[in-house]
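Colleague:
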């Protein structure tokens, strides 16, 4: 239509041929309508680009490579508003750059991303990881990956030394961020998974447990907070007497307290707790123990009771004086909730000053308030 309304000379010299064609067809009104539509299209395209690009800071924040507040999402809409604002600010700053430099920078980053993705496929395949079971496997592996890496390296080099320097700069910056910020977070998450796996009931020690625990630990910000359920309202915290006898009495006391929350006889809970401890010690650290059991039945039941012992309770040779005990009991049909609570407790007890605050709290009421706040963060 445009080529039919404009002459060849007009078409070759016009910066907005569609609007000029509309002006020739319907006058000033047509030019205004087309120009307005083009402006709206530019805005919507820019917004779509910003929303798409916001996935990167969102994913980095969830992986612990950027501050956690960037991964916040709206509770009702699920919109990653912080990541979108962060991306928009980055776009505004990038507009201050030279256009040619900006295009080369974007191209270099994309090519570098594809190179690293192909390298990652090779590393994952060759490492023979037990839990790496992709749904799709690239045919003719590793030929496509090697060819892709070589082609992108050639294109990157063909863009000139400036683009190559930009790519190297981004690599260096990324390594520094990981070394000084992300590495600590990643190690912390894997350490939590390792500790949790040690105390998880043997009936749940299946092949997918590592993956499930890691997803819970890494994606906790995206999950509904525990405060959305009534679990935290039912938490009880007790101080044990200085002359409290030992583990057998702890299981008896725990069973009595939990039976008030759950529709289960105290004798069943007591014997299950004792058997669980004989199987493997539930002392997470020399200071903290998380005894937990899985009961038979489909009752949708779960309960937590916590105890503070200032004198300490003997759990094992490695944990002769445990001062904090978190006893969790649930039926098998609430497995994911059970694991999520265990992960929340593990995060809570890994806080700085946790042991000092636990021992220094003036009352169990203060402990309960702090515990509820910590578990729903």
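Residue numbers (the working numbering): 7 to 383.
The beta carbon of each residue, even a glycine, is placed where N, CA and C say it ideally should be.
Where do the ends of the alpha helix (DSSP H) carrying residue 36 lie?
Modeller: Along the chain shown, read from residue 1 onward, the residue named residue 36 stands at position 30. That run of the alpha helix (DSSP H) goes 23-59.
Colleague: Touch check for the stretch 252-271 and the stretch 298-311: three-plus C-beta pairs under 8 Å?
Modeller: Yes, they touch.
Colleague: At which residue ranges does the stretch 131-167 contain complete alpha helix (DSSP H) runs of 4 or more residues, listed in the order of the chain?
Modeller: 149-164
Colleague: Counting only the same chain and skipping the five closest in sequence on each side, list residues whose C-beta sits under 7 Å from that of residue 386.
Modeller: Shown here, the chain extends from 7 to 383; a query on residue 386 therefore has no answer.
Colleague: With the cut-off set at 7 Å, would you say residue 315 and residue 298 are in Cβ contact?
Modeller: Reading the chain shown from its first residue, position 309 is the one you call residue 315. Reading the chain shown from its first residue, position 292 is the one you call residue 298. Cβ distance not < 7 Å, so residue 315 and residue 298 don't count as in contact.
Colleague: Rounded to whole angstroms, what is the Cα-Cα separation between residue 106 and residue 46?
Modeller: Translated into positions along the chain shown, residue 106 becomes position 100. Translated into positions along the chain shown, residue 46 becomes position 40. Cα to Cα, residue 106 sits roughly 25 Å from residue 46.
Colleague: Residue 316 lies in the beta strand (DSSP E); which residues open and close that run?
Modeller: The count along the chain shown starts at 1 and reaches residue 316 at position 310. The continuous beta strand (DSSP E) containing residue 316 extends over residues 308-319.
Colleague: Rounding to the nearest angstrom, what Cα-Cα distance links residue 94 and residue 12 in this structure?
Modeller: By 1-based counting over the chain shown, the position of residue 94 is 88. By 1-based counting over the chain shown, the position of residue 12 is 6. Roughly 38 Å separates the two Cα atoms.
Colleague: Are the CB atoms of residue 337 and residue 279 nearer to each other than 7 Å?
Modeller: Looking up residue 337 in the chain shown gives position 331. Looking up residue 279 in the chain shown gives position 273. Cβ atoms of residue 337 and residue 279: not closer than 7 Å.
Colleague: How far does the alpha helix (DSSP H) with residue 242 in it reach, from first residue to last?
Modeller: Residue 242 sits at position 236 when you count from the first residue of the chain shown. First-last for residue 242: 242-245, but that is the beta strand (DSSP E), not the alpha helix (DSSP H).
Colleague: With a 10 Å radius around its C-beta and 16 neighbouring C-beta atoms as the bar for buried, classify residue 88 as buried or exposed.
Modeller: Locating residue 88 in the chain shown gives position 82, counting from the first residue. It is buried - the Cβ of residue 88 has at least 16 other Cβ atoms within 10 Å.
Colleague: Going by the CB atoms, is the gap between residue 73 and residue 79 shorter than 7 Å?
Modeller: Position 73 of the chain shown, counting from 1, holds the residue named residue 79. Position 67 of the chain shown, counting from 1, holds the residue named residue 73. No, the Cβ-Cβ distance between residue 79 and residue 73 is not below 7 Å.
Colleague: Tell me whether residue 377 is buried or exposed, calling it buried when 16 or more other Cβ atoms sit within 10 Å of its Cβ.
Modeller: Residue numbering aside, residue 377 sits at position 371 when the chain shown is read from its first letter. With 16 or more other Cβ atoms within 10 Å, it is buried.
Colleague: Who are the near neighbours of residue 380 in its chain, counting only those whose CB is closer than 6 Å to its CB and skipping five residues on each side?
Modeller: Locating residue 380 in the chain shown gives position 374, counting from the first residue. Here the set comprises 354.
Colleague: Which of helix, strand or coil does DSSP assign to residue 301?
Modeller: Working through the chain shown from its first residue, we reach residue 301 at position 295. In the structure shown, residue 301 sits in a strand (DSSP, three-state: E or B).
Colleague: Which one of 33, 294, 172 and 334 has the shortest CA to CA distance from residue 4?
Modeller: Outside the displayed span of the chain (7 to 383) sits residue 4, for which this structure offers no information.
Colleague: Please report the Cβ distance between residue 332 and residue 296, rounded to the nearest whole angstrom; I am assuming they are in contact, meaning their Cβ atoms lie under 8 Å.
Modeller: Indexing the chain shown from 1 puts residue 332 at position 326. Indexing the chain shown from 1 puts residue 296 at position 290. With a beta-carbon spacing of about 5 Å, residue 332 and residue 296 fall inside the 8 Å limit used to define contacts.
Colleague: Could you tell me how far apart the beta carbons of residue 172 and residue 111 are, in whole angstroms, since I believe they sit closer than 8 Å?
Modeller: On the chain shown, position 166 is the one that residue 172 refers to. On the chain shown, position 105 is the one that residue 111 refers to. At roughly 5 Å, the Cβ-Cβ gap stays under 8 Å, so residue 172 and residue 111 are in contact.
Colleague: Only counting the same chain, and skipping five residues up and downstream in sequence, which positions put a Cβ closer than 8 Å to that of residue 165?
Modeller: Position 159 of the chain shown holds residue 165. Cβ within range, chain order: 110, 113 and 114.
Colleague: Exposed or buried, which one is residue 282 when buried takes at least 16 other CB atoms within 10 Å?
Modeller: The count along the chain shown starts at 1 and reaches residue 282 at position 276. Classified as buried, residue 282 has 16 or more neighbouring CB atoms from the shown chains inside 10 Å of its CB.
Colleague: Is residue 294 helix, strand or coil by DSSP?
Modeller: Numbered from its first residue, the chain shown carries residue 294 at position 288. It is a strand residue.
Colleague: Kindly indicate the opening and closing residues of the beta strand (DSSP E) around residue 328.
Modeller: In the chain shown, counting from the first residue as 1, residue 328 sits at position 322. Where residue 328 is concerned, the enclosing beta strand (DSSP E) stretches over 328-337.
Colleague: By Cβ distance below 7 Å, which residues in the same chain neighbour residue 368 in space, the five residues on each side in sequence not counted?
Modeller: By one-based count along the chain shown, residue 368 stands at place 362. Within the same chain, residue 368 has no close Cβ partners at all.
Colleague: Put residue 234 into one of helix, strand or coil per three-state DSSP.
Modeller: The residue you call residue 234 lines up with position 228 of the chain shown. Any reading at residue 234 needs caution, since the residue's pLDDT is 46, under 50, leaving its predicted position unreliable; the model's value is listed next. Of the three classes helix, strand and coil, the one that applies to residue 234 here is helix, per DSSP.
Colleague: Short check: CB of residue 77 to CB of residue 64, under 7 Å?
Modeller: As a position in the chain shown, residue 77 is number 71, starting the count at 1. As a position in the chain shown, residue 64 is number 58, starting the count at 1. For the 7 Å CB-CB criterion, residue 77 and residue 64 form a contact.
Colleague: Between the beta-carbon of residue 29 and the beta-carbon of residue 36, is there less than 7 Å?
Modeller: For the purposes of this step, residue 29 is taken as residue 23 along the chain shown, with counting starting at 1. For the purposes of this step, residue 36 is taken as residue 30 along the chain shown, with counting starting at 1. In this structure, residue 36 lies closer than 7 Å to residue 29 by Cβ.
Colleague: Return yes when the Cβ of residue 322 is within less than 7 Å of the Cβ of residue 349, no when it is not.
Modeller: Here residue 349 is taken as the residue at index 343 of the chain shown, counted from 1. Here residue 322 is taken as the residue at index 316 of the chain shown, counted from 1. Their beta carbons are not under 7 Å apart, which means residue 349 does not touch residue 322 by this criterion.
Colleague: Between the C-alpha atoms of residue 262 and residue 352, what's the straight-line distance to the nearest angstrom?
Modeller: As a first step, residue 262 must be located in the chain shown, where it is residue number 256. As a first step, residue 352 must be located in the chain shown, where it is residue number 346. Distance between the alpha carbons of residue 262 and residue 352 is about 25 Å.
Colleague: Using DSSP with H/G/I as helix, E/B as strand and the rest coil, what is residue 289?
Modeller: Within the chain shown, residue 289 is the residue found at index 283, counting from 1. Reduced to three states, the DSSP call for residue 289 is strand.
Colleague: Taking the C-alpha atoms as reference points, what is the distance between residue 360 and residue 273?
Modeller: Working through the chain shown from its first residue, we reach residue 360 at position 354. Working through the chain shown from its first residue, we reach residue 273 at position 267. One C-alpha to the other measures close to 33 Å.
Colleague: Kindly indicate which residue of 373, 122 and 246 has the alpha-carbon position closest to the one of residue 174.
Modeller: For the purposes of this step, residue 174 is taken as residue 168 along the chain shown, with counting starting at 1. With distances taken between Cα atoms, residue 174 lies closest to 122.
Colleague: What is the rounded straight-line gap between the Cα of residue 243 and the Cα of residue 260?
Modeller: Taking the first residue of the chain shown as position 1, residue 243 is located at position 237. Taking the first residue of the chain shown as position 1, residue 260 is located at position 254. If you take the alpha carbons of residue 243 and residue 260, they lie about 11 Å apart.
Colleague: Got a sec, what are the start and stop residues for the alpha helix (DSSP H) residue 354 sits in?
Modeller: The count along the chain shown starts at 1 and reaches residue 354 at position 348. Counting along the chain, the alpha helix (DSSP H) containing residue 354 begins and ends at 341-355.
Colleague: Pick helix, strand or coil for residue 282, following the three-state DSSP scheme.
Modeller: In the chain shown, the residue the question calls residue 282 occupies position 276. Residue 282: helix per DSSP, three-state reduction.
Colleague: Residue 186 to residue 167, Cα distance in whole Å?
Modeller: Numbered from 1 along the chain shown, position 180 holds the residue referred to as residue 186. Numbered from 1 along the chain shown, position 161 holds the residue referred to as residue 167. Distance between the alpha carbons of residue 186 and residue 167 is about 28 Å.
Colleague: Got a sec? Which residues, its chain only, sit under 7 Å from residue 100 by beta carbon, not counting five neighbours each side?
Modeller: Here the question's residue 100 lines up with position 94 in the chain shown. By the criterion of a C-beta distance shorter than 7 Å, residue 100 is surrounded in its chain by 108, once the five residues flanking it on both sides are discounted.
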